[in-house]
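Trainee:
Protein chains: 2
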Amino acid sequence: MQEHLLLRALKGETLDRPPVWMMRQAGRYLPDYMKLRAQYDFFTRVQTPELACEITLQPVDQVGVDAAIIFSDILVIPQAMGVEVLLEEGKGPLLPNTIKDQKDIDALITDEVERLSYVFDALTLTKKELNGRVPLIGFAGAPWTILCYMVEGKGSKSFDKAKQFCFSQPALAHSLLQKITDVTIQYLNRQADAGADVVQIFDSWSGMLSPADFKLFAEPYLLQIVKGVTKVPVILFPKGSWYALESLSTSGAAGLGLDWCVDPALARKFTNNSITLQGNFDPCKLLAPIPEIKKAVTEMIDAFGATRYIANLGHGILPNIPVDHAKAFVEAVKEYQPKN
Amino acid sequence: MQEHLLLRALKGETLDRPPVWMMRQAGRYLPDYMKLRAQYDFFTRVQTPELACEITLQPVDQVGVDAAIIFSDILVIPQAMGVEVLLEEGKGPLLPNTIKDQKDIDALITDEVERLSYVFDALTLTKKELNGRVPLIGFAGAPWTILCYMVEGKGSKSFDKAKQFCFSQPALAHSLLQKITDVTIQYLNRQADAGADVVQIFDSWSGMLSPADFKLFAEPYLLQIVKGVTKVPVILFPKGSWYALESLSTSGAAGLGLDWCVDPALARKFTNNSITLQGNFDPCKLLAPIPEIKKAVTEMIDAFGATRYIANLGHGILPNIPVDHAKAFVEAVKEYQPKN
Numbered sequence: 003m004q005e006h007l008l009l010r011a012l013k014g015e016t017l018d019r020p021p022v023w024m025m026r027q028a029g030r031y032l033p034d035y036m037k038l039r040a041q042y043d044f045f046t047r048v049q050t051p052e053l054a055c056e057i058t059l060q061p062v063d064q065v066g067v068d069a070a071i072i073f074s075d076i077l078v079i080p081q082a083m084g085v086e087v088l089l090e091e092g093k094g095p096l097l098p099n100t101i102k103d104q105k106d107i108d109a110l111i112t113d114e115v116e117r118l119s120y121v122f123d124a125l126t127l128t129k130k131e132l133n134g135r136v137p138l139i140g141f142a143g144a145p146w147t148i149l150c151y152m153v154e155g156k157g158s159k160s161f162d163k164a165k166q167f168c169f170s171q172p173a174l175a176h177s178l179l180q181k182i183t184d185v186t187i188q189y190l191n192r193q194a195d196a197g198a199d200v201v202q203i204f205d206s207w208s209g210m211l212s213p214a215d216f217k218l219f220a221e222p223y224l225l226q227i228v229k230g231v232t233k234v235p236v237i238l239f240p241k242g243s244w245y246a247l248e249s250l251s252t253s254g255a256a257g258l259g260l261d262w263c264v265d266p267a268l269a270r271k272f273t274n275n276s277i278t279l280q281g282n283f284d285p286c287k288l289l290a291p292i293p294e295i296k297k298a299v300t301e302m303i304d305a306f307g308a309t310r311y312i313a314n315l316g317h318g319i320l321p322n323i324p325v326d327h328a329k330a331f332v333e334a335v336k337e338y339q340p341k342n
Numbered sequence: 003m004q005e006h007l008l009l010r011a012l013k014g015e016t017l018d019r020p021p022v023w024m025m026r027q028a029g030r031y032l033p034d035y036m037k038l039r040a041q042y043d044f045f046t047r048v049q050t051p052e053l054a055c056e057i058t059l060q061p062v063d064q065v066g067v068d069a070a071i072i073f074s075d076i077l078v079i080p081q082a083m084g085v086e087v088l089l090e091e092g093k094g095p096l097l098p099n100t101i102k103d104q105k106d107i108d109a110l111i112t113d114e115v116e117r118l119s120y121v122f123d124a125l126t127l128t129k130k131e132l133n134g135r136v137p138l139i140g141f142a143g144a145p146w147t148i149l150c151y152m153v154e155g156k157g158s159k160s161f162d163k164a165k166q167f168c169f170s171q172p173a174l175a176h177s178l179l180q181k182i183t184d185v186t187i188q189y190l191n192r193q194a195d196a197g198a199d200v201v202q203i204f205d206s207w208s209g210m211l212s213p214a215d216f217k218l219f220a221e222p223y224l225l226q227i228v229k230g231v232t233k234v235p236v237i238l239f240p241k242g243s244w245y246a247l248e249s250l251s252t253s254g255a256a257g258l259g260l261d262w263c264v265d266p267a268l269a270r271k272f273t274n275n276s277i278t279l280q281g282n283f284d285p286c287k288l289l290a291p292i293p294e295i296k297k298a299v300t301e302m303i304d305a306f307g308a309t310r311y312i313a314n315l316g317h318g319i320l321p322n323i324p325v326d327h328a329k330a331f332v333e334a335v336k337e338y339q340p341k342n
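From first to last, the protein sequence lines stand for chains A and B. The number in the working numbering is simply the position in the first sequence, starting from 1, with 2 added. The number in the working numbering is simply the position in the second sequence, starting from 1, with 2 added.
1) Rounding to the nearest angstrom, what Cα-Cα distance links residue 337 of chain A and residue 261 of chain B in this structure?
2) Run the CB neighbour count on residue 111 of chain B, radius 10 Å, all protein chains shown included, and call it buried at 16 or more, exposed below.
3) Determine whether the Cβ of residue 258 of chain B lies closer than 7 Å to any Cβ atom of chain A.
4) Taking residue 294 of chain B as the query, report the chain A residues whose CB atoms sit under 9 Å from its CB, ordered along the chain.
5) By Cβ distance, which residues of its chain are closer than 7 Å to residue 19 of chain A, with the 5 residues on each side in sequence left out?
6) Report back the beta-carbon spacing between residue 194 of chain B and residue 139 of chain B to the nearest angstrom; my notes put them in contact at under 8 Å.
7) Relative to the C-alpha of residue 97 of chain A, which candidate in A:78, A:108, A:113 has its C-alpha closest?
8) Using beta carbons (cut-off 7 Å, strictly below), is residue 159 of chain A in contact with chain B?
9) Whose Cβ in chain B lies nearer than 9 Å to the Cβ of residue 2 of chain A?
10) What is the rounded straight-line gap between the Cα of residue 231 of chain A and the Cα of residue 253 of chain A?
11) Relative to the C-alpha of residue 8 of chain A, which candidate in A:116, A:312, A:167 has its C-alpha closest?
12) Could you name the residues of chain B that residue 291 of chain A contacts, counting a contact when the two beta carbons are closer than 7 Å?
13) Please state whether the Cβ-Cβ distance between residue 271 of chain B and residue 304 of chain B is less than 7 Å.
14) Please return the same chain residues whose Cβ sits closer than 6 Å to the Cβ of residue 66 of chain B, not counting the five positions on each side in sequence.
15) What residue does the alpha helix (DSSP H) around residue 81 of chain A start on, and which one ends it?
16) Do residue 233 of chain A and residue 191 of chain A have their CB atoms nearer than 7 Å?
17) Please list the partners that residue 209 of chain B has in chain A, where partner means a Cβ-to-Cβ separation under 7 Å.
18) Mind checking who residue 293 of chain A pairs with in its DSSP beta bridge?
19) Cβ closer than 7 Å: which chain B residues qualify as neighbours of residue 146 of chain A?
20) Classify residue 209 of chain A as helix, strand or coil using the three-state DSSP reduction.
21) Could you check how far apart the C-beta atoms of residue 251 of chain B and residue 227 of chain B are, in whole angstroms? I think they sit under 8 Å.
22) Classify residue 230 of chain B as helix, strand or coil using the three-state DSSP reduction.
23) If we cut at 7 Å on Cβ distances, does residue 321 of chain B have a partner in chain A?
24) Quick one: which chain B residues come within Cβ less than 9 Å of residue 55 of chain A?
25) Cβ closer than 8 Å: which chain B residues qualify as neighbours of residue 205 of chain A?
26) Report the residues of the region 16–39 of chain B with a CB closer than 7 Å to any CB of chain A, ordered along the chain.
27) Determine the DSSP secondary structure at residue 33 of chain B, reduced to helix, strand or coil.
28) Taking CB distances under 7 Å as the criterion, tell me whether residue 102 of chain B reaches chain A.
29) Please decide whether residue 286 of chain B counts as near chain A, where near means a Cβ-Cβ distance under 7 Å.
30) Of all the CB atoms in chain B, is at least one closer than 7 Å to the CB of residue 271 of chain A?
31) Once the 5 residues before and after residue 310 of chain B are set aside, which same chain residues still bring their CB inside 6 Å of it?
32) Using a Cβ-Cβ distance cut-off of 7 Å, determine whether residue 253 of chain A contacts chain B.
33) I'd like the list of long-range same chain contacts for residue 104 of chain B, defined as Cβ closer than 7 Å, with 5 residues on each side in sequence excluded.
34) Buried or exposed for residue 328 of chain B, going by 16 or more other Cβ atoms inside 10 Å?
35) Would you tell me roughly how many angstroms separate the C-alpha atoms of residue 300 of chain B and residue 132 of chain A, rounded to the nearest one?
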């Protein structure tokens, strides 16, 4: 049996069409997800392996994507480190006890990744249920993004508190980033043991950093993760950090995710044509009429090429996307015919 | 008497140090502004020339910036076009009657820019009060950004309604963008007549567009504005649209504003060293200790060079910046000594 398209794309094998999946593909645009959401609160869904598995499989069965990504949340890492995380449905996360000083950092737990055994159980169960149909992706938040939430305590337009912490107390910031990194590496290797075929690192807020600050507070920890996660290929998604693509293309990562603000040809140029790229359809463009979606998908693949490429959105799918439009996106990739 | 630094920088004259001002420099971080804010609601402050003038002068007197920018709002344009705009203090704007179809666009008023005579009066009064101390900057929102608010009706993380409108009904979108552009050109030329020495176009949401969509829905209208505003130099600030810098460097604009996510050397490279650049200090970095601010400002000017450069933030100053830190930013620019 031939290996799955996703893994072949990450290895750089020549392909006729790229694999396709969508960030947040298991989520609010799917009516069957909404039924479970009405019944179980967020952390119940995340922490019950049977529910997480069911949710993970929905887009594979219903939308036809080429990979499953485990239903979970990046903020399980602060939880595993002993930091309380609350989530009011539709309102974003709240961390009531933010990290402010050395004492707070000293109190963090770094050796109890088994607190997240429910994630590993969900991966193992999902892997079994998938029965080889498509590969399974695990994930974690990047250390900078996790720091943002641990210091800011919630989402923010500017993450000014998180940045103030880094700019005013860089030594403390680095010790926090290091602790998050250490836990994340353990966590991702355990995800691989439990069944993840690939892992993706979401640096959702890296684009808030200047290029110089990205070099200080984000990149070194991404590099440690790529080096420390030895069992499966790693995809880095530094959202908004177009300026880091060249540098990250030599990080040892198997793939780089792109948001929709980078032209495909320029992304190939920035990365010296040397790495598998993933992305980068504007999630809002799934609101366009279906023929427009299909035309734009074909143009996107023409621009990236079918090889060393994973078709995806440039950010998570929006809750208001009609399921038929999501299906059209996936179908357009599967129907792709190389030019000439 | 020699011309002001800002105008000399925009002409490309060789300078020992750049001029400095800060986006949103008349605003919530200033205690004297907060006193007026407690007394008068937002549109009273904007629509009363004496108040707008007083607020505009505050940072000139108190922080020592090299330019004044008139206190106003980009959403006066929808108002002048007959669209209601509400503003709940600290909550962002609300446009209850969004643009949805041809009928809504047909109803827009495009020949009553004198509805904004309070802006022109504020400019004339401020120019008189400034008495030549520093130049006066006028401004408007870019057509794409104004469309975002007119279609979405409020701020948004994704502006998905605005994008859906553009992607599904491009002909309607272009007719709306054209009407906004026509009014904006009249408005900016009238600002010049009333006393503005320079005007800046804020494309606050251009960075939400892919490079290809920027070419369709943003750039053509920016180019029309640059061509249509004949009386004063124009600075374009396409926030987040690093990918458009090369193209906009030949637009005929006198200057290009940069957010903090573009490295200065790379910005010079993108623009072929051919245009005055403005920016791009991370507004959050004003929360760093004062010595760190001063060091970072010097490094920024070293990187851009003192010529063809206007020191500024990469986005508006935050309400929680200590006034002393804002002053330190300005002082560091004024104290700049060129590296030989």
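Just so it is clear, CB atoms sit at the ideal spot from N, CA and C, and this is done for glycine as well.
Mentor: By the coordinates alone:
1) As a working mapping, residue 337 of chain A is identified with position 335 in the first sequence. As a working mapping, residue 261 of chain B is identified with position 259 in the second sequence. Residue 337 of chain A and residue 261 of chain B: Cα-Cα distance of roughly 40 Å.
2) Within the second sequence, numbered from 1, the residue matching residue 111 of chain B stands at position 109. Exposed is the call here.
3) What you label residue 258 of chain B is simply residue 256 of the second sequence in a count that begins at 1. It does not: the Cβ of residue 258 of chain B has no partner Cβ on chain A nearer than 7 Å.
4) If you number the second sequence from 1, residue 294 of chain B lands on position 292. By Cβ distance, chain A contributes 169, 170.
5) Along the first sequence, read from residue 1 onward, the residue named residue 19 of chain A stands at position 17. The answer, listed in chain order, is 308, 335, 336, 338.
6) Against the second sequence, residue 194 of chain B aligns to sequence position 192. Against the second sequence, residue 139 of chain B aligns to sequence position 137. Contact flag wrong, Cβ pair sits at about 11 Å.
7) For this step, residue 97 of chain A is matched to residue 95 along the first sequence. It is A:78 whose Cα lies nearest to the Cα of residue 97 of chain A.
8) Within the first sequence, numbered from 1, the residue matching residue 159 of chain A stands at position 157. No, no contact with chain B.
9) Beyond the ends of chain A as shown, which are 3 and 342, falls residue 2 of chain A; an answer cannot be given.
10) Position 229 of the first sequence holds residue 231 of chain A. Position 251 of the first sequence holds residue 253 of chain A. Whole-angstrom Cα-Cα distance: 12 Å.
11) Taking the first sequence and counting its residues from 1, the one referred to as residue 8 of chain A is at position 6. Ranking A:116, A:312, A:167 by CA distance to the CA of residue 8 of chain A puts A:312 first.
12) Residue 291 of chain A sits at position 289 when you count from the first residue of the first sequence. Simply 170.
13) The count along the second sequence starts at 1 and reaches residue 271 of chain B at position 269. The count along the second sequence starts at 1 and reaches residue 304 of chain B at position 302. Not a contact, by the Cβ cut-off of 7 Å.
14) As a position in the second sequence, residue 66 of chain B is number 64, starting the count at 1. Excluding sequence neighbours, residue 66 of chain B sits near 332.
15) In the first sequence, the residue the question calls residue 81 of chain A occupies position 79. In the DSSP annotation of this structure, the continuous segment of the alpha helix (DSSP H) that includes residue 81 of chain A starts and ends at 78–82.
16) Counting from 1 along the first sequence, the entry for residue 233 of chain A is found at position 231. Counting from 1 along the first sequence, the entry for residue 191 of chain A is found at position 189. In this structure, residue 191 of chain A lies closer than 7 Å to residue 233 of chain A by Cβ.
17) Looking up residue 209 of chain B in the second sequence gives position 207. Here the neighbours are 263.
18) As a first step, residue 293 of chain A must be located in the first sequence, where it is residue number 291. Note: residue 293 of chain A sits in no beta bridge, so no partner.
19) Reading the first sequence from its first residue, position 144 is the one you call residue 146 of chain A. Here the premise fails: no neighbours, minimum Cβ distance about 14 Å.
20) Working through the first sequence from its first residue, we reach residue 209 of chain A at position 207. Reduced to three states, the DSSP call for residue 209 of chain A is helix.
21) As a working mapping, residue 251 of chain B is identified with position 249 in the second sequence. As a working mapping, residue 227 of chain B is identified with position 225 in the second sequence. Their Cβ separation, rounded to whole angstroms, is 16 Å, which puts residue 251 of chain B and residue 227 of chain B out of contact at 8 Å.
22) Reading the second sequence from its first residue, position 228 is the one you call residue 230 of chain B. Three-state DSSP puts residue 230 of chain B in a helix.
23) Taking the second sequence and counting its residues from 1, the one referred to as residue 321 of chain B is at position 319. Not one chain A Cβ lies under 7 Å of residue 321 of chain B.
24) For the purposes of this step, residue 55 of chain A is taken as the residue at position 53 of the first sequence. Those do not exist, as residue 55 of chain A stays about 29 Å from chain B at its closest Cβ, beyond 9 Å.
25) The residue labelled residue 205 of chain A in the question sits at position 203 within the first sequence. Within 8 Å Cβ-Cβ: nothing; residue 205 of chain A doesn't reach chain B, min ~14 Å.
26) none
27) The residue you call residue 33 of chain B lines up with position 31 of the second sequence. Looking at residue 33 of chain B - three-state DSSP - the assignment turns out to be helix.
28) Position 100 of the second sequence, counted from the start, is the residue given in the question as residue 102 of chain B. No, residue 102 of chain B lies away from the interface with chain A (no Cβ there is under 7 Å from its Cβ).
29) Start at 1 with the first residue of the second sequence, and residue 286 of chain B comes out as number 284. Yes, because at least one Cβ of chain A sits closer than 7 Å to the Cβ of residue 286 of chain B.
30) Locating residue 271 of chain A in the first sequence gives position 269, where the first residue counts as 1. Not a single C-beta of chain B is nearer than 7 Å to the C-beta of residue 271 of chain A.
31) On the second sequence, position 308 is the one that residue 310 of chain B refers to. Closer than 6 Å at Cβ, skipping near neighbours: 14, 278.
32) Your numbering for residue 253 of chain A matches position 251 in the first sequence. With its beta carbon at least 7 Å from every one in chain B, residue 253 of chain A lies outside the interface.
33) Numbered from 1 along the second sequence, position 102 holds the residue referred to as residue 104 of chain B. 174, listed in sequence order.
34) The residue you call residue 328 of chain B lines up with position 326 of the second sequence. Counting the other CB atoms within 10 Å of its CB gives residue 328 of chain B a total of 16 or more, which places it among the buried residues.
35) One-based indexing of the second sequence puts residue 300 of chain B at position 298. One-based indexing of the first sequence puts residue 132 of chain A at position 130. In this structure, the straight-line span from the alpha carbon of residue 300 of chain B to that of residue 132 of chain A is close to 57 Å.
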